[in-house]
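Worksheet for the structure shown next.
2 protein chains.
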Amino acid sequence: MTRPQPGLAQGWCALSALHGRIESHVERALQAAHELSVREFSVLDVLSAQHDGEGGHFRMHELSDAVVLSQSATTRLVTRLEERGLLTRYLCATDRRGIYTDVTPAGLALLERARPVNDAALREALAAAEQRAELAPLVAAVRDLEVPAPAPTG
Amino acid sequence: MTRPQPGLAQGWCALSALHGRIESHVERALQAAHELSVREFSVLDVLSAQHDGEGGHFRMHELSDAVVLSQSATTRLVTRLEERGLLTRYLCATDRRGIYTDVTPAGLALLERARPVNDAALREALAAAEQRAELAPLVAAVRDLEVPAPAPTG
DNA sequence: CGAGAGTAATTGCAGACGCAGGTACTTGCA
DNA sequence: TGCAAGTACCTGCGTCTGCAATTACTCTCG
Chain E
8 MTRPQPGLAQ GWCALSALHG RIESHVERAL QAAHELSVRE FSVLDVLSAQ HDGEGGHFRM
68 HELSDAVVLS QSATTRLVTR LEERGLLTRY LCATDRRGIY TDVTPAGLAL LERARPVNDA
128 ALREALAAAE QRAELAPLVA AVRDLEVPAP APTG
Chain V
8 MTRPQPGLAQ GWCALSALHG RIESHVERAL QAAHELSVRE FSVLDVLSAQ HDGEGGHFRM
68 HELSDAVVLS QSATTRLVTR LEERGLLTRY LCATDRRGIY TDVTPAGLAL LERARPVNDA
128 ALREALAAAE QRAELAPLVA AVRDLEVPAP APTG
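In order, the protein sequence lines correspond to chains E and V.
Take any residue in the first sequence, note its place counting from 1, add 7, and you have its number in this note's numbering.
Take any residue in the second sequence, note its place counting from 1, add 7, and you have its number in this note's numbering.
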């Protein structure tokens with residue numbers, strides 16, 4: 008750990024460790040507060056973001072790409088969320104193979120309630136990770152990403 | 008995805024996406040080449056690194072902390088690796104509750120064969136992720152971490 | 001029109017995970 | 001010594017995940 012291999016693995020190891028720590032911390036917080044997993048929150052977030060700018064719908068495979076999950080896992084994840092009334096599924100008119108997903112008002116409401124919990128947990132996890140020497144630089148990089156360029160470059 | 012929320016979530020989202028993409032790519036490569044999961048490789052790597060500098064052993068809870076896994080998952084992971092002859096378990100002499108784990112020569116050999124596969128897959132995944140605008144800066148940060156201080160020892 | 005290739009989503013199955021509970025051991029206190 | 005509290009690891013159970021196979025639909029070419 009202190010000095011495994013001075014190659015690529017070091018960066019990847021740090022990335023992985025940081026991700027794991029943040030995920031488990033946020034997972035606990037979201038689960039306790041709203042019975043949401045990180046993935047579920049992520050789906051809601053991605054879908055609602057699209058909602059803002061465009062039609063507010065995602066194809067299943069687009070969604071699985073966005074949250075980096077297999078198609079089967081995405082199917083089941085959407086199913087669970089749909090059963091809780093947080094998402095809707097509807098067929099694509101022009102291509103009957105395609106299925107769109109969209110956030111329901113209930114889903115949007117839950118998302119907005121969960122967002123501060125998510126952000127707080129995120130802050131805590133980042134602060135904790137910053138204490139570790141090998142994670143600190145990556146934490147800084149993540150923080151820099153937050154608002155890289157508020158200038159609308161188009 | 009294009010512009011979810013201009014807050015903390017953006018950096019975390021990028022970190023999560025990058026991690027997911029790298030992990031699934033490396034997982035496939037290691038699985039195909041050596042029937043190793045990313046976690047298993049990680050355990051072997053961490054343990055062998057410790058081997059270099061120190062006694063070469065980890066307590067279970069230290070290991071679970073290093074790879075960011077629950078204790079139960081660590082127990083089973085070590086069990087699987089032990090059954091394949093890649094790890095050894097032995098009691099701690101001074102504290103009979105504690106259990107140390109160490110890499111066997113076979114484990115070390117497999118690790119060294121798997122390392123180039125891991126590194127190659129890592130490189131590929133990073134290169135692919137770099138093409139995405141929202142992931143590129145984080146990829147750069149990870150690359151920077153690789154050799155932060157190449158100062159030779161002594 | 002109809003056969004075959006290709007694409008989108010779902011389902012069966014086995015593997016791995018986390019949580020809660022249990023066992024074994026150590027420590028603190030009387 | 002004896003008992004309660006705390007620590008370290010393991011096991012039962014339910015859930016989630018990925019892979020492979022399946023179903024449903026579209027597209028291309030004859």
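Every residue, glycine too, gets a C-beta built ideally from N, C-alpha and C.
On a predicted model such as this, the values are computed, not experimentally measured, just so you know.
(message) Cβ closer than 8 angstroms: which chain E residues qualify as neighbours of residue 116(V)?
(response) Indexing the second sequence from 1 puts residue 116(V) at position 109. Near residue 116(V) there are no residues of chain E at all, since even the closest Cβ is about 16 angstroms away, more than 8 angstroms.
(request) Using a Cβ cut-off of 8 angstroms (strictly closer), state whether residue 102(E) contacts chain V. (result) Within the first sequence, the letter at position 95 stands for residue 102(E). Residue 102(E) does not count as touching chain V.
(message) Using a 10 Å radius around the Cβ and a threshold of 16 neighbouring Cβ atoms, would you call residue 57(E) buried or exposed?
(response) The residue you call residue 57(E) lines up with position 50 of the first sequence. Classification of residue 57(E): buried, given that the 10 Å Cβ count is 16 or more.
(request) Kindly indicate the opening and closing residues of the beta strand (DSSP E) around residue 102(E). (result) One-based indexing of the first sequence puts residue 102(E) at position 95. Where residue 102(E) is concerned, there is no enclosing beta strand (DSSP E), given that its DSSP letter is neither H nor E.
(message) Can you pull out the residues from the region 72-84 of chain V whose beta carbon lies closer than 7 angstroms to at least one beta carbon of chain E?
(response) 73 and 75
(request) Output yes if chain V places a C-beta closer than 8 angstroms to the C-beta of residue 21(E); else output no. (result) Start at 1 with the first residue of the first sequence, and residue 21(E) comes out as number 14. At least one chain V Cβ lies under 8 angstroms of residue 21(E).
(message) Taking beta-carbon pairs under 7 angstroms, can you tell me which members of the region 129-148 of chain V lie near chain E?
(response) 129, 130, 144, 145 and 148
(request) Would you give the residue range spanned by the beta strand (DSSP E) that residue 95(E) belongs to? (result) The residue labelled residue 95(E) in the question sits at position 88 within the first sequence. Where residue 95(E) is concerned, the enclosing beta strand (DSSP E) stretches over 94-98.
(request) Measure the Cβ-Cβ separation of residue 55(V) and residue 110(V) and say whether it is below 8 angstroms. (result) Here residue 55(V) refers to the residue found at position 48 of the second sequence. Here residue 110(V) refers to the residue found at position 103 of the second sequence. Yes, the pair counts as a contact, with Cβ atoms nearer than the cut-off.
(message) Taking CB distances under 8 angstroms as the criterion, tell me whether residue 119(E) reaches chain V.
(response) Counting from 1 along the first sequence, the entry for residue 119(E) is found at position 112. Not an interface residue.
(message) Within 10 Å of its beta-carbon, does residue 102(V) have 16 or more other beta-carbons around it, so buried, or fewer, so exposed?
(response) The sequence position of residue 102(V) within the second sequence is 95, counting from 1. Burial call: exposed.
(request) Report the rounded CA-to-CA distance for residue 74(E) versus residue 83(V), giving the unit in angstroms. (result) Walking along the first sequence from the start, residue 74(E) turns up at place 67. Walking along the second sequence from the start, residue 83(V) turns up at place 76. Looking at the two C-alpha atoms, the distance is approximately 28 angstroms.
(request) Could you list which residues in chain V have their beta carbon closer than 7 angstroms to that of residue 38(E), in chain order? (result) Sequence index remark: in the first sequence, residue 38(E) carries index 31 (1-based). Within chain V, no residue comes near residue 38(E); the closest Cβ sits about 14 angstroms away, beyond 7 angstroms.
(request) Might you give, ordered along the chain, the residues of its own chain that have their beta carbon closer than 7 angstroms to the beta carbon of residue 142(V), omitting 5 neighbours on each side? (result) For the purposes of this step, residue 142(V) is identified with residue 135 of the second sequence, where counting begins at 1. Once the five neighbours on either side are set aside, the close Cβ partners of residue 142(V) are 21, 24, 25 and 136.
(request) Give the secondary structure of residue 91(V) by DSSP, where H, G and I count as helix, E and B as strand, and everything else as coil. (result) Locating residue 91(V) in the second sequence gives position 84, where the first residue counts as 1. Here residue 91(V) sits in coil by DSSP.
(message) Runs of 4 residues minimum, wholly inside the region 19-67 of chain V: which ones carry the alpha helix (DSSP H) assignment?
(response) 45-60
(request) Examine chain V for any beta-carbon lying closer than 8 angstroms to the beta-carbon of residue 126(E), and answer yes or no. (result) In the first sequence, counting from the first residue as 1, residue 126(E) sits at position 119. Chain V, which has a Cβ nearer than 8 angstroms to the Cβ of residue 126(E), makes this yes.
(message) Just to confirm my understanding: we take residue 9(E), look at its own chain, exclude 5 residues before and 5 after, and list those with CB closer than 8 angstroms. What are they?
(response) Taking the first residue of the first sequence as position 1, residue 9(E) is located at position 2. Here the model assigns residue 9(E) a pLDDT of 41, short of 50, so the residue's position is not dependable, and the following value carries that caveat. Taken in chain order, the list of residues that qualify is empty.
(message) Starting from residue 122(E), trace the alpha helix (DSSP H) in both directions and tell me its first and last residue.
(response) Locating residue 122(E) in the first sequence gives position 115, where the first residue counts as 1. Here the alpha helix (DSSP H) through residue 122(E) covers 112-137.
(request) For residue 96(E), collect the residues of the same chain with a Cβ closer than 8 angstroms to its Cβ; drop the 5 residues on either side in sequence, then sort them by chain order. (result) Reading the first sequence from its first residue, position 89 is the one you call residue 96(E). Here the set comprises 85, 89, 106, 107 and 108.
(message) At the level of alpha carbons, what is the spacing between residue 130(V) and residue 52(V)?
(response) For the purposes of this step, residue 130(V) is taken as residue 123 along the second sequence, with counting starting at 1. For the purposes of this step, residue 52(V) is taken as residue 45 along the second sequence, with counting starting at 1. Approximately 18 angstroms between the Cα atoms of the pair.
(message) Strictly below 7 angstroms CB to CB, what residues from chain E border residue 26(V)?
(response) Taking the first residue of the second sequence as 1, we reach residue 26(V) at position 19. Correct list: 22, 23 and 26.
(request) Out of 76(E), 50(E) and 36(E), point me to the one whose CA is closest to residue 64(E)'s CA. (result) Residue mapping note: residue 64(E) aligns to position 57 of the first sequence, counting from 1. The shortest Cα separation from residue 64(E) among 76(E), 50(E) and 36(E) belongs to 50(E).
(request) Would you check if the distance between the CB atom of residue 14(E) and the CB atom of residue 152(V) is smaller than 8 angstroms? (result) Working through the first sequence from its first residue, we reach residue 14(E) at position 7. Working through the second sequence from its first residue, we reach residue 152(V) at position 145. Going by C-beta atoms, residue 14(E) is not nearer than 8 angstroms to residue 152(V).
(request) Kindly indicate if chain E contains any beta-carbon less than 8 angstroms away from that of residue 34(V). (result) Counting from one through the second sequence, the residue named residue 34(V) turns up at place 27. Not closer than 8 angstroms to any Cβ of chain E, the Cβ of residue 34(V) fails to qualify, so no.
(message) In whole angstroms, give me the CA-to-CA distance for residue 76(V) and residue 119(V).
(response) One-based indexing of the second sequence puts residue 76(V) at position 69. One-based indexing of the second sequence puts residue 119(V) at position 112. Taking the straight line from one Cα to the other gives about 24 angstroms.
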